[in-house]
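To start, the structure under review is shown below, and the notes come after it.
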Amino acid sequence: MKDKKLISQQKKVTRQFRTIGCMLFIFVLLLGALLGLLVPLRPDVSEVENRTLTKFPEFTLETFLNGEYFSDISTWYSDTFPLRDQFITANQKITALYGPKTNEQVLGADVQADEIPTETTSVQPDTSQATLSQTDSSTDTQSQVGNGEPVLPNSYQMEEAVQDQIQKRLYVKDGAAYTIYGFDQSAADIYTKALSNAAAELSGQTNVYSILVPLNSGVMLDEKTLESLGGSDQKQTISYYYNSYSGVTGVETIDTLREHNSEYLYFRTDHHWTALGAYYVYRNFCQVKGWTPNELDSYETMQFTPFLGTYYTKLNKPADMEANPDTVTAYIPHGTNTMTYQDKDGKEYEWNVIRDVSKRSAGSGYSTFIAGDNPMSVIQNPNITDGSSCLVLKESYANCLVPFLVDHYQTIYIVDFRYANVNVVDFIKEKQIKDFIAVNNIGIINSEKVATTIKGLL
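Written out as structure tokens, the structure reads:
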């Protein structure tokens, strides 16, 4: 009898604990649902991920009928959950407790790469398609493609594509991460043909240049390590792009950077190159243009440390990276440190070419350059009055290169292909821009989605 009574009491206690557990679980679910409904608490920016979060979609009859409107709402809902950064940080700390602890590791899926052709021929510009893309740029600021319909890039999806290309496979050693590159011929051919088409349309008015920046692994790692990691030869890749162009001048990057790879050319905790790396490529561009470059020690500088970037976040904040953070050094142009930019909602702001970001989070150091990533930015140098101008079509790799160009042009227009809705060729014609400079990292353009987006803007 005594045993039965004890067993009955134990079962009762167990039921009580289960009831309490269920009630707590339901309470947490209800609390989460309630927080999810509180729109004012939804963040616009993730400091942990160092990106702008998805905007609530604009209602149109077309997207309502084809279902895209509701799909975009779902993306917005999941991407802007209240306390997002806090939950991500907590998850990273938990993951770090059982994550890999080795000093050297390779993370991510095997790189799938196409063979890089050893022989290349310049693409023939598609002038018929270029003619179809013409619009009245004084009234239409949306990008146009063959059928005349505007292409409005989904910035969230584009950012996801970019991050996927840069961080698909990583080699990590001694508190530094390196991206392993795999060549995609389809993406390369779309990109080179798009620039060649633009050069054909702009022939006689505008010089077209391509600056392709290698990934950090192709510059900072020795040949033996690169061979053991697999992937594609980045020097051969850049040569393939440059030899495939028609009417486009490629600017030397990888050999120069390799010559200086004992210096601080790329961050250890972030996928970007440093302003020092950009400076060496700027000197090469000056040589192509016949200019005298500014000496590095002639610039006033700003420094921001600690800087813990995208690799640090991707790898769940490893302790060895946190113990040895990066430093962002920015070089202030001589002619002006003033610029304007339009944000993704079309609002215009006055800003600085190099901005003090010392009071921001440790992941924000790279945002010191040209206000980060925006659809359209303009820099006017009051010290130059010769009408010289350029348009830089870019992603974030160009951000630390643009400040070096300021002292050589009266006007610089900066277009980020991930967010812009402007027909670039029409815009160049309208503004009578002298130089068109496409500055991109070879990893970022290494996808058909990204290359096709760039094609749509040209």
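Per my numbering, the very first residue in the sequence shown carries number 1; after that it's consecutive.
Just so you know, even glycine gets a beta-carbon here, dropped at the ideal spot from N, CA and C.
- Annotation: the stretch 337-414 contains the following complete segments of the beta strand (DSSP E) (minimum length 3 residues), in chain order: 338-342, 348-352, 376-380 and 389-394.
- As the crow flies, the alpha-carbon of residue 63 is around 20 Å from that of residue 420.
- A straight line joining the alpha-carbon of residue 298 with that of residue 67 spans about 56 Å.
- In this structure, the alpha-carbon of residue 345 lies about 26 Å from that of residue 336.
- Selection 376, 401, 403 and 408 evaluated against residue 386 yields 408 as nearest (Cα-Cα).
- When the five nearest sequence neighbours on each side are left out, the beta carbons in the same chain lying within less than 7 Å of the beta carbon of residue 333 are those of 353, 403, 406 and 407, in order along the chain.
- Taking the Cα positions, residue 368 is about 6 Å away from residue 357.
- Nearest C-alpha to residue 170 among 312, 375 and 284: 312.
- For residue 448 against residue 186, the beta-carbon gap comes to about 6 Å, under 8 Å, which counts as contact.
- For residue 428, the uninterrupted alpha helix (DSSP H) run begins and ends at 424-431, by DSSP.
- Short of 6 Å from the beta carbon of residue 451, and not among the five residues preceding or following it, lie these beta carbons of its own chain, in chain order: 187, 190, 191 and 445.
- When DSSP reads this structure, residue 437 sits in a beta bridge with 209 and 392.
- When secondary structure is reduced to three states using DSSP, residue 190 falls in the helix class.
- Around the beta-carbon of residue 455, 16 or more other beta-carbon atoms lie within 10 Å, marking it buried.
- Around the CB of residue 309, 16 or more other CB atoms lie within 10 Å, so the residue is classed as buried.
- Put simply, of 235, 380, 248 and 304 the residue whose alpha carbon is nearest the alpha carbon of residue 341 is 380.
- Nearest Cα to residue 217 within the set 286, 258, 439 and 198: 258.
- Put simply, the backbone Cα of residue 215 is about 19 Å away from that of residue 307.
- Cα atoms of residue 19 and residue 74: separation of roughly 33 Å, rounded to the nearest angstrom.
- A straight line joining the alpha-carbon of residue 262 with that of residue 30 spans about 55 Å.
- The stretch 242-258 and the stretch 201-214 touch, with three or more beta-carbon pairs separated by less than 8 Å.
- The criterion of a C-beta distance shorter than 7 Å is satisfied by residue 326 and residue 267.
- Burial is judged here by how many other beta carbons sit within 10 angstroms of a residue's own beta carbon; residue 22 has fewer than 16 and is exposed.
- Relative to the Cα of residue 172, the nearest Cα in the group 199, 225 and 194 belongs to 225.
- Looking only at 289, 70 and 14, the smallest Cα-Cα distance to residue 434 is reached by 289.
- Classified as buried, residue 244 has 16 or more neighbouring CB atoms from the shown chains inside 10 Å of its CB.
- In the structure shown, residue 218 adopts helical secondary structure according to DSSP, grouped into three states.
- Of 413, 400 and 69, the smallest CA-CA separation from residue 388 is found for 413.
- Each of 174, 246 and 198 was checked against the Cα of residue 426, and the nearest Cα belongs to 198.
- In the DSSP assignment, residue 320 falls within the unbroken alpha helix (DSSP H) covering 319-323.
- Going by DSSP, residue 255 is part of the alpha helix (DSSP H) stretching over 254-259.
- Residue 326 carries a strand assignment under DSSP once its states are collapsed to helix, strand and coil.
- Around the beta carbon of residue 319, fewer than 16 other beta carbons sit within 10 angstroms, so the residue counts as exposed.
- Residue burial is scored here from C-beta neighbours: residue 303 has fewer than 16 other C-beta atoms within 10 angstroms and is therefore classed as exposed.
- Judged by DSSP secondary structure, residue 61 falls within the alpha helix (DSSP H) whose first and last residues are 61-66.
- Annotated three-state conformation of residue 277 is helix, per DSSP.
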